[in-house]
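Working notes, structure below.
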Amino acid sequence: VLATQIPITYNRSFEVCDDFLDINGINNTNNDKRDGISTFDFSSVKTEIQTMLPTIGNYSITFYRNQVDALSELNPISDIVNYRNIGYPNTQTIWGRVDSDADNACFGLGPYVNLTVEKLPFANSVIIPRQCDDNHDGIFSFNTATLETTLLGTNQSFPVTVTYFDAANNPLKDANGVLITSPFPANFASTSQTIKAVVTNTSSLKCNDETTIQFIVDDLP
Numbered sequence: 421v422l423a424t425q426i427p428i429t430y431n432r433s434f435e436v437c438d439d440f441l442d443i444n445g446i447n448n449t450n451n452d453k454r455d456g457i458s459t460f461d462f463s464s465v466k467t468e469i470q471t472m473l474p475t476i477g478n479y480s481i482t483f484y485r486n487q488v489d490a491l492s493e494l495n496p497i498s499d500i501v502n503y504r505n506i507g508y509p510n511t512q513t514i515w516g517r518v519d520s521d522a523d524n525a526c527f528g529l530g531p532y533v534n535l536t537v538e539k540l541p542f543a544n545s546v547i548i549p550r551q552c553d554d555n556h557d558g559i560f561s562f563n564t565a566t567l568e569t570t571l572l573g574t575n576q577s578f579p580v581t582v583t584y585f586d587a588a589n590n591p592l593k594d595a596n597g598v599l600i601t602s603p604f605p606a607n608f609a610s611t612s613q614t615i616k617a618v619v620t621n622t623s624s625l626k627c628n629d630e631t632t633i634q635f636i637v638d639d640l641p
């Protein structure tokens, strides 16, 4: 009978936002921010397990991508600080194993870690038709009644909030100095500019996506 204080129900969960890296850890080039793969640091689990073990003796704590590998002690995870859940998109259960360095006796084996990659919201492209200035002031009142509907679409995974910023990354205001908030007004008085729309999940992680929207006011001859 081996002595261990690791509860049979022991489990730790980690959640992160989907990131912009592909499966090789290279910056996103093919919309990989929606591949369900991200980077996790679950090294704290190893530290926590160490405190549960008998003070006499030395132990090896290793983690595996699945139960089969853990049982056969094959393919241990080499980096638990920068682990990417490649091959297990969106969710993965990591198995931990604790063995005695003296005789390889197993002091613990179980699904100790749950990983979850939160999906990003969608900030869809919005095209605003360019307009001619109407009175030589460089400002035009654009019809933006459907801007936010197009921006959000219908496939969000979570409820979301929307914030808007100007080219200097300041909260967006119209040409009259009125702060623009969600929902976007049906008419937006603007000079030629490119604004940024940020769509954020209302989850605890607040994962977000963003897009730019261009307003063009052509000079009136």
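Counting in the numbering used here, the sequence shown runs from 421 upward without gaps. Using N, Cα and C, we set each Cβ at its ideal position, and we do this for glycine too. Being a predicted model, the structure only gives us computed values, none of them experimental.
Item                                                                                                           : Value
Contact check, K616 vs T631, beta carbons under 9 Å                                                            : yes
Which of helix, strand or coil DSSP assigns to K466                                                            : helix
Bridge-paired residues (DSSP) for R504                                                                         : T459
The region 612 to 627 touching the region 569 to 589, judged by at least three CB pairs closer than 8 Å        : yes
Three-state secondary structure assigned by DSSP to Q487                                                       : helix
Close Cβ partners of D519 (< 6 Å) along its chain, the five nearest in sequence each way excluded              : S480 and C526
Coarse secondary structure for K616, derived from DSSP in three states                                         : strand
Contact check, T511 vs N486, beta carbons under 9 Å                                                            : no
Cutoff 9 Å: K616 Cβ touching any chain B Cβ                                                                    : The structure shown contains no chain B, having only a single protein chain.
Segment contact, 8 Å Cβ cut-off, at least three pairs: the region 542 to 550 with the region 583 to 599        : no
Own chain residues within Cβ distance below 6 Å of L473, not counting five before or after                     : Y479
Anticipated Cβ contact below 8 Å, N505 with S433, distance rounded                                             : Actually they are not in contact, since the Cβ atoms of N505 and S433 sit about 13 Å apart, beyond 8 Å.
L567, DSSP secondary structure in three states                                                                 : helix
Start-end ranges of the alpha helix (DSSP H) lying completely within the region 487 to 561, minimum 4 residues : 487 to 492
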